[in-house]
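Read in order, the letters of the sequence shown correspond to residues 3 to 313 in this note's numbering.
Here a beta-carbon is modelled for each residue, glycine too, at the ideal position from N, C-alpha and C.
Here is the structure we will look at.
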Amino acid sequence: MDTFRKHQEDFYQQDIIMLANISDADQLLLNPLVESFRASEFVVSVAHSSYSLLKKFLQENGLQVIQSILTEQLSLQVVDGPPRTKLQLDCRRGSLFGEAPRNSNKEPVLYGLLSDPSLNVSSDLTGETPQASDDQAPTTEQVEDGDGEQTPVKKKKRRDGYGAGQSGSGASGKDGQKGDSNSPALDRIPLPKLRDTFIESRQALARETSALLRGYRQQNSQQKPTGTSVVLYTVCNVQAGESTLAIRRGGVTCATFTDDSGWLAAGFGSGRIRVWSLGPESLRRMLPASELAMLDKDDSRIKTKMLYDEN
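See below:
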């Protein structure tokens with residue numbers, strides 16, 4: 003341990019300490035680091051010339067133990083090109099699972115949302131068939147065949163708006179499904195079939211909401227536009243300074259906002275809690291205990307005086 007530990011990188015030191023604390027075989031089986039290595043492969047990319055030299059060196063010196071480790075525990079990927087420098091290796095190397103394999107980015111990532119039945123409802127979903135109206139009444143035309151006889155042929159006359167709307171929406175829906183290769187299959191999530199009454203209620207609610215919003219905008223056209231109603235926050239790059247083990251235990255596990263949405267508190271898998279200010283005023287530190295004891299508790303400005311004056 004003392005001989006080879008100094009040759010390892012800094013991000014492996016916490017893992018080495020964890021392995022050094024193992025004293026029996028039962029602890030080795032229950033160790034989370036060992037379980038991670040058994041469940042996955044440690045990927046190492048080696049140039050073709052370097053791999054040839056390594057293989058020749060192991061065969062000449064009879065290092066059977068290292069050969070078995072390379073075969074069973076590591077996943078060597080031979081790449082074309084000259085050997086890489088240490089800086090190039092550090093740029094691609096990971097901490098726990100080695101380098102990313104070459105085919106890691108070839109897996110398709112499907113994303114998309116299920117269509118809202120209140121916004122787009124087809125006739126086959128509701129089980130209704132459009133009835134022929136006055137504009138869609140069947141008409142009769144006389145068609146002359148090759149022998150000079152006229153044969154009556156019935157044709158169905160349709161409204162231009164209805165026919166164009168139906169054909170256009172159907173064509174656009176098919177083109178959208180064919181063109182968007184990243185969209186998941188519609189039957190990927192098995193959902194129960196919606197009742198017609200539920201779909202009709204959703205449609206009525208959508209029409210009522212749009213009518214109310216349209217009327218509000220017309221009445222308040224001269225005023226300021228409607229403010230923000232939804233704000234999404236992403237917590238990232240906030241675990242600087244923590245150990246590799248703490249980061250591996252998980253990122254943000256829970257978060258909460260104050261009543262006025264001015265502060266955000268987040269808890270991490272390592273047990274640390276951090277608080278951020280979401281407003282224009284930044285967080286201020288509290289005075290030490292010796293100075294807090296000198297303050298008047300009956301003062302109305304006690305909550306302000308107990309903090310450092312950043313100005």
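- Counted as a single uninterrupted DSSP element, the alpha helix (DSSP H) harbouring S38 occupies residues 34-41.
- With a cut-off of 8 Å on Cβ pairs, the segment 40-56 is in contact with the segment 78-93, counting three or more such pairs.
- Taking a cut-off of 8 Å on C-beta distances, the segment 198-218 does not touch the segment 262-272, as fewer than three cross pairs fall below it.
- Here I275 is bridged, per DSSP, to G269.
- Using a Cβ-Cβ distance cut-off of 8 Å, the segment 282-290 and the segment 301-312 are in contact, since at least three pairs of beta carbons, one from each stretch, lie closer than that value.
- In the DSSP assignment, V67 falls within the alpha helix (DSSP H) that extends over 66-74.
- Q205 and A41 have their alpha carbons spaced roughly 49 Å apart.
- Under a 10 Å Cβ-count criterion, G100 is classified as buried, with 16 or more other Cβ atoms of the shown protein chains found around its own Cβ.
- Rounded to the nearest whole angstrom, the C-alpha separation of R274 and A267 is 11 Å.
- Under the DSSP definition of a beta bridge, S47 partners with Q79.
- The DSSP-derived three-state label of A257 is strand.
- The residues T255, C256, I275, in chain order, have a CB closer than 6 Å to that of G269 in the same chain once the five nearest residues on each side in sequence are set aside.
- In the DSSP assignment, D198 falls within the unbroken alpha helix (DSSP H) covering 198-221.
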